[in-house]
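A.B. asks: Can you keep this structure in mind? I'll have questions shortly.
Number of protein chains: 2
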Amino acid sequence: MASVDLAKRAYDHGWRLDPIVRSLLDTDFYKLLMLQLIWRKHRDTPVRFSVINRTRSVRLADEVDEAELRAQLDHARTLRFSNRELIWLGGNTFYGVKSIFSPDFLAWLAEYRLPEYDLSRGEDGQFQLEFSGGWADVTLWEIPALSILNELRSRRALRRLGRFELDVLYSRAKTKLWGKVERLRRLERLAISDFGTRRRHGFLWQGWCVEALKEGLGKAFIGTSNVLLAMNNDLEAVGTNGHELPMVLAALAGDDDAALRAAPYQVLEEWRATYDGNLLVALPDAFGTRAFLADAPEWLADWKGFRPDSAPPIAGGEEILAWWAAKGRDPRERLLVFADGMDVDTIETTHAHFKGRVRTSFGWGTNLTNDFRDCAPAPMPELTPISLVCKVTQAAGRSAVKLSDNVEKATGDPAEIARYLRVFGEAGRGRQAVTV
Amino acid sequence: MASVDLAKRAYDHGWRLDPIVRSLLDTDFYKLLMLQLIWRKHRDTPVRFSVINRTRSVRLADEVDEAELRAQLDHARTLRFSNRELIWLGGNTFYGVKSIFSPDFLAWLAEYRLPEYDLSRGEDGQFQLEFSGGWADVTLWEIPALSILNELRSRRALRRLGRFELDVLYSRAKTKLWGKVERLRRLERLAISDFGTRRRHGFLWQGWCVEALKEGLGKAFIGTSNVLLAMNNDLEAVGTNGHELPMVLAALAGDDDAALRAAPYQVLEEWRATYDGNLLVALPDAFGTRAFLADAPEWLADWKGFRPDSAPPIAGGEEILAWWAAKGRDPRERLLVFADGMDVDTIETTHAHFKGRVRTSFGWGTNLTNDFRDCAPAPMPELTPISLVCKVTQAAGRSAVKLSDNVEKATGDPAEIARYLRVFGEAGRGRQAVTV
Numbered sequence: 001m002a003s004v005d006l007a008k009r010a011y012d013h014g015w016r017l018d019p020i021v022r023s024l025l026d027t028d029f030y031k032l033l034m035l036q037l038i039w040r041k042h043r044d045t046p047v048r049f050s051v052i053n054r055t056r057s058v059r060l061a062d063e064v065d066e067a068e069l070r071a072q073l074d075h076a077r078t079l080r081f082s083n084r085e086l087i088w089l090g091g092n093t094f095y096g097v098k099s100i101f102s103p104d105f106l107a108w109l110a111e112y113r114l115p116e117y118d119l120s121r122g123e124d125g126q127f128q129l130e131f132s133g134g135w136a137d138v139t140l141w142e143i144p145a146l147s148i149l150n151e152l153r154s155r156r157a158l159r160r161l162g163r164f165e166l167d168v169l170y171s172r173a174k175t176k177l178w179g180k181v182e183r184l185r186r187l188e189r190l191a192i193s194d195f196g197t198r199r200r201h202g203f204l205w206q207g208w209c210v211e212a213l214k215e216g217l218g219k220a221f222i223g224t225s226n227v228l229l230a231m232n233n234d235l236e237a238v239g240t241n242g243h244e245l246p247m248v249l250a251a252l253a254g255d256d257d258a259a260l261r262a263a264p265y266q267v268l269e270e271w272r273a274t275y276d277g278n279l280l281v282a283l284p285d286a287f288g289t290r291a292f293l294a295d296a297p298e299w300l301a302d303w304k305g306f307r308p309d310s311a312p313p314i315a316g317g318e319e320i321l322a323w324w325a326a327k328g329r330d331p332r333e334r335l336l337v338f339a340d341g342m343d344v345d346t347i348e349t350t351h352a353h354f355k356g357r358v359r360t361s362f363g364w365g366t367n368l369t370n371d372f373r374d375c376a377p378a379p380m381p382e383l384t385p386i387s388l389v390c391k392v393t394q395a396a397g398r399s400a401v402k403l404s405d406n407v408e409k410a411t412g413d414p415a416e417i418a419r420y421l422r423v424f425g426e427a428g429r430g431r432q433a434v435t436v
Numbered sequence: 001m002a003s004v005d006l007a008k009r010a011y012d013h014g015w016r017l018d019p020i021v022r023s024l025l026d027t028d029f030y031k032l033l034m035l036q037l038i039w040r041k042h043r044d045t046p047v048r049f050s051v052i053n054r055t056r057s058v059r060l061a062d063e064v065d066e067a068e069l070r071a072q073l074d075h076a077r078t079l080r081f082s083n084r085e086l087i088w089l090g091g092n093t094f095y096g097v098k099s100i101f102s103p104d105f106l107a108w109l110a111e112y113r114l115p116e117y118d119l120s121r122g123e124d125g126q127f128q129l130e131f132s133g134g135w136a137d138v139t140l141w142e143i144p145a146l147s148i149l150n151e152l153r154s155r156r157a158l159r160r161l162g163r164f165e166l167d168v169l170y171s172r173a174k175t176k177l178w179g180k181v182e183r184l185r186r187l188e189r190l191a192i193s194d195f196g197t198r199r200r201h202g203f204l205w206q207g208w209c210v211e212a213l214k215e216g217l218g219k220a221f222i223g224t225s226n227v228l229l230a231m232n233n234d235l236e237a238v239g240t241n242g243h244e245l246p247m248v249l250a251a252l253a254g255d256d257d258a259a260l261r262a263a264p265y266q267v268l269e270e271w272r273a274t275y276d277g278n279l280l281v282a283l284p285d286a287f288g289t290r291a292f293l294a295d296a297p298e299w300l301a302d303w304k305g306f307r308p309d310s311a312p313p314i315a316g317g318e319e320i321l322a323w324w325a326a327k328g329r330d331p332r333e334r335l336l337v338f339a340d341g342m343d344v345d346t347i348e349t350t351h352a353h354f355k356g357r358v359r360t361s362f363g364w365g366t367n368l369t370n371d372f373r374d375c376a377p378a379p380m381p382e383l384t385p386i387s388l389v390c391k392v393t394q395a396a397g398r399s400a401v402k403l404s405d406n407v408e409k410a411t412g413d414p415a416e417i418a419r420y421l422r423v424f425g426e427a428g429r430g431r432q433a434v435t436v
């Protein structure tokens, strides 16, 4: 007989909650980088973030229990950055830079907690989950809100499986992921990182995936966006900035079309004032990449690279290569980061396409940390990931807008979208189905 | 942090041995059935059993450490049938029969322990491992000797793998086995059992395989030959008799050719005197199936079935069907048990071939409990199973002989083999490579 730890068993009987988020560092690194900028420049700008399920066919509020959701959100609100986490943030080197987070910012983080949330159930079977307040207070909700919803959904699905079926499920998922690792291992000079926090099947599974990439890819695995996993596994924390910066700054431009047109570049100037070097990676697609590049200031061509996010990877990359060429810059010293719904097939083709012409790196998200297709003993659609986002929807009393290179990903008030389209133009935008 | 059971960790530090065989019931059921007959009729007949590695290319004594082997064999010798095991043997129903084991036999079992062994290292890189003594004392060594050697070999191989690689290995092996289960599930009226004790990768892995068949196949999984697993999992213990009975009885015939020719049928008479009903399954191939059927007594056609063991399954089965037809028996009420190196492909084809013509059942051995092909992160030939057997080699001072339907499986002194071939004839024998 295996020995039984009676104390542990008795303790376990009393569990009220198996928390999904157990640390405020269990978030994407780009949130902390953006937060420092936001906190310095715009901390009190009133914003609203909203969770949006782009996969309307999945009635999330039917699959996830509201009381469980509240319990997990409430638990996340009890978290604080611990001393050792703050010491690590202050003492670690990120992107080759020491002391990237200033002492005053870290002191503010030490007091930080996630603010209140606003949760109700819509008639469309979706939750209405929103976070309102000063930008610096609210922004960190994005990742825990998403990882909580996604993990609650998969936990609920797995409850239908027996002990043995779960064993088969995870064995198959591990086998599948390791098969992907073996394919990726063949790519010369691959640089890939985990971007899968928000859409993960679960925290522990993301941990396994990160371990698999570390074991299987060696140096080709350049890090994880998850700050907690980076700390615990001695990996690089990766990520730079996201759409919320241009979206809020565009909203702050008010009715002034010229100020609106200038907003994306104001973001970059603020970013460059806060960070430099390897962190100078621009996200060009918030209001359409074509317009962004056409009006971009000369100095942007000296930045390290771009993260084309919503265009098809090869077309999106070529557009930027052409822009660098027009500016007389050698792309072989520049970087393209691909991170929009990538999986092994698209990583292979994109990697092969740009080989020798530009440095590439891949942020691997949903298809890394939440690929359970065909892993359950019987088909379980509840394990298919959904396209869940948590976006800034209002800023300074206005609708926040994203146009994106993909019409399917546009968000915001229709009248404002029309105005943005008029200001930035529609050139170069396409339509691709959004699956993850 | 996970809580640590300090007492358990401290206890674990002191492990000298992780025993492979922890119970005398961790053996094949046919050994106990045969043992009861042997103990009644031939208990003191002097025999010698020898371990033989038919896969000569694998130098087993180079792969397995002799000191570890001795430690495991010595540990097996410390085992006794426990009270609850004896009570279960006495009280359980086997093949629909209660009290199949008599109280006097069980009383003898209660005092039983495995006798001494004789181990040395040959110059060919093989162990010479032999067990000599009265037949009733020695016969039970067969299964633990084999399972110890096979598990020591796989343990040694696995020591080269890290924690993570082991995780991938077992995930792949589970995925692979479950894929087989899903194929078998499609076969109508399948009857299959686990025969994989002797060649298993390890005891715990066999346990997982049995659980997989129980979960995945439901009623089609009719039991396991492993008595301990049958008891622990509330499954039927399956198996009837093996080659050692005709081999020893043939040796006891001495130089008398007529007595030799009669020996295989004497076995059946003794078997029928000991057991009946569903246990009346004959093994026809010890000295060639063609000869066995040609001379078989009329009453054998009323037995429940046959286990054609060394002929190709379809040809071997057809030969028996033809014999039943010649005897005017309806094969649809009879049973053929196929258990020689079966895997999903051959199970599917054999099952399809005999569908509706005769009842079939499958004993699934090595390819169930030891199929780790392509499961390791890098190729590991040490995980490929070998054809290891533990056969009676001498009885009553004479060489024990098996002819088999497959020339590759013949064993015994060449002069005696020649005499047996003269007595039984060579008709119907073929040659197939022996892999498992």
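One line per chain: the protein sequences are A and B, in this order.
So in UniProt numbering, the last spot in the first sequence is 436, and the numbers never skip.
So in UniProt numbering, the last spot in the second sequence is 436, and the numbers never skip.
No residue lacks a Cβ here, since even glycine has one placed at the ideal position from N, Cα and C.
1. Going by alpha carbons, who is nearest to Arg-200 (chain A) out of A:Val-389, A:Ala-433 and A:Arg-431?
2. Give the single residue among B:Asp-62, B:Leu-24, B:Arg-431 and B:Phe-81 whose Cα lies nearest to the Cα of Leu-73 (chain B).
3. What does the alpha-carbon distance come out to for the pair Pro-308 (chain B) and Ala-191 (chain B)?
4. Is Phe-164 (chain B) close to chain A, meaning its C-beta is less than 8 Å from at least one C-beta of that chain?
5. Between Val-21 (chain A) and chain B, is any beta-carbon pair separated by less than 8 Å?
6. Taking the alpha helix (DSSP H) that Asn-104 (chain B) falls in, what are its first and last residues?
7. Which chain A residues sit within Cβ distance under 8 Å of Asp-26 (chain B)?
8. Quick one: what does DSSP say residue 438 (chain A) is sitting in, helix, strand or coil?
9. Using the DSSP secondary-structure output, state which residues sit across from Leu-235 (chain B) in a beta bridge.
10. State the start and end residues of the unbroken beta strand (DSSP E) segment that holds Thr-369 (chain A).
11. Determine the direct distance from the alpha carbon of Gly-90 (chain B) to that of Arg-9 (chain A), and round the result to whole angstroms.
12. Can you find a CB in chain A that lies within less than 8 Å of the CB of Met-1 (chain B)?
13. So, for Thr-435 (chain B): in the same chain, excluding its five sequence neighbours on each side, which residues have a beta-carbon less than 7 Å away from its beta-carbon?
14. Is DSSP giving Cys-375 (chain A) helix, strand or coil here?
15. Kindly say whether Ser-171 (chain A), judged by its beta-carbon, lies nearer than 8 Å to any beta-carbon of chain B.
16. Who are the near neighbours of Val-64 (chain B) in its chain, counting only those whose CB is closer than 8 Å to its CB and skipping five residues on each side?
17. What span of residues does the beta strand (DSSP E) with Lys-391 (chain A) cover, start to end?
18. Count the other C-beta atoms from every protein chain shown that fall within 10 angstroms of the C-beta of Trp-17 (chain A), then say buried if there are 16 or more, exposed otherwise.
19. Out of curiosity, what's the CA-to-CA distance linking His-13 (chain B) and Glu-111 (chain A)?
20. Alpha carbon to alpha carbon, how far is Arg-373 (chain B) from Lys-174 (chain B)?
21. Heavy atom of the ligand ADP less than 7 Å from the Cβ of Leu-217 (chain B), yes or no?
22. At a Cβ threshold of 8 Å, is Val-210 (chain A) touching chain B?
23. Can you grab the Cα-Cα spacing for the pair Ala-395 (chain B) / Leu-260 (chain B), in whole Å?
24. Cβ of Val-267 (chain A) within 8 Å of Cβ of Leu-335 (chain A)?
25. For Lys-219 (chain B), which residues in chain A fall below 8 Å Cβ to Cβ?
26. When the Cβ atoms of the segment 373-382 of chain A are set against those of the segment 395-412 of chain A, are three or more pairs found closer than 8 Å?
27. Determine, using beta carbons only, whether Ala-294 (chain B) and Arg-329 (chain B) come nearer to each other than 8 Å.
28. Against Trp-178 (chain A), what residues of chain B qualify as contacts under a CB-to-CB distance less than 7 Å, listed in chain order?
29. Whole angstroms are fine: how far does the CA of Leu-37 (chain A) sit from the CA of His-351 (chain A)?
30. So that I know if they touch, is there some Cβ in chain A lying closer than 8 Å to that of Glu-85 (chain B)?
31. Classify Thr-93 (chain A) as buried or exposed, calling it buried when 16 or more other Cβ atoms lie within 10 Å of its own Cβ.
32. With H, G and I counted as helix, E and B as strand and the rest as coil, what does DSSP make of Val-248 (chain A)?
33. Any beta-carbon of chain B closer than 8 Å to the one on Thr-175 (chain A)?
34. Tell me which residue opens and which closes the beta strand (DSSP E) that Thr-224 (chain B) is part of.
35. Counting C-beta neighbours from all protein chains within 10 Å, is the total for Thr-369 (chain A) 16 or more, i.e. buried, or is it exposed?
36. At which residues does the alpha helix (DSSP H) containing residue 449 (chain B) begin and terminate?
C.D. replies: Per the coordinate set shown:
1. A:Val-389
2. B:Leu-24
3. 16 Å
4. yes
5. no
6. Just to set this straight, residue 104 (chain B) is Asp in the shown sequence, not Asn. Residues 103-111.
7. The premise fails here: Asp-26 (chain B) is roughly 16 Å from chain A at the closest Cβ pair, so nothing lies under 8 Å.
8. An answer regarding residue 438 (chain A) cannot be provided, because it is not within the stretch 1 to 436 covered by chain A.
9. DSSP lists no partner for Leu-235 (chain B).
10. Element bounds for Thr-369 (chain A): not the beta strand (DSSP E) but the alpha helix (DSSP H), 366-369.
11. 36 Å
12. Interpretation of Met-1 (chain B) is limited by its pLDDT of 46, a score under 50 that renders its predicted location unreliable; no figure is taken from the coordinates.
13. So the list reads Gly-341 and Ser-387, once near-sequence residues are dropped.
14. coil
15. The C-beta of Ser-171 (chain A) comes closer than 8 Å to at least one C-beta of chain B.
16. Phe-127, Leu-149, Leu-152, Arg-153 and Arg-156
17. 388-395
18. Here residue 17 (chain A) turns out to be Leu, not Trp, going by the sequence shown. By the neighbour-count rule (16 or more Cβ atoms within 10 Å), Leu-17 (chain A) is not buried but exposed.
19. Distance between the alpha carbons of His-13 (chain B) and Glu-111 (chain A) is about 44 Å.
20. 12 Å
21. The ligand ADP is absent from the structure shown, which contains no ligands of any kind.
22. no
23. 14 Å
24. Between Val-267 (chain A) and Leu-335 (chain A), the C-beta spacing is not below 8 Å.
25. Close to Lys-219 (chain B), with beta-carbon spacing below 8 Å, lies no residue of chain A; the smallest spacing is near 17 Å.
26. With a cut-off of 8 Å on Cβ pairs, the segment 373-382 of chain A is not in contact with the segment 395-412 of chain A, counting fewer than three such pairs.
27. no
28. Val-168
29. Those two C-alpha atoms are separated by around 32 Å.
30. no
31. exposed
32. helix
33. At least one chain B Cβ lies under 8 Å of Thr-175 (chain A).
34. 221-224
35. buried
36. With chain B covering 1 to 436 only, the question about residue 449 (chain B) has no answer from this structure.
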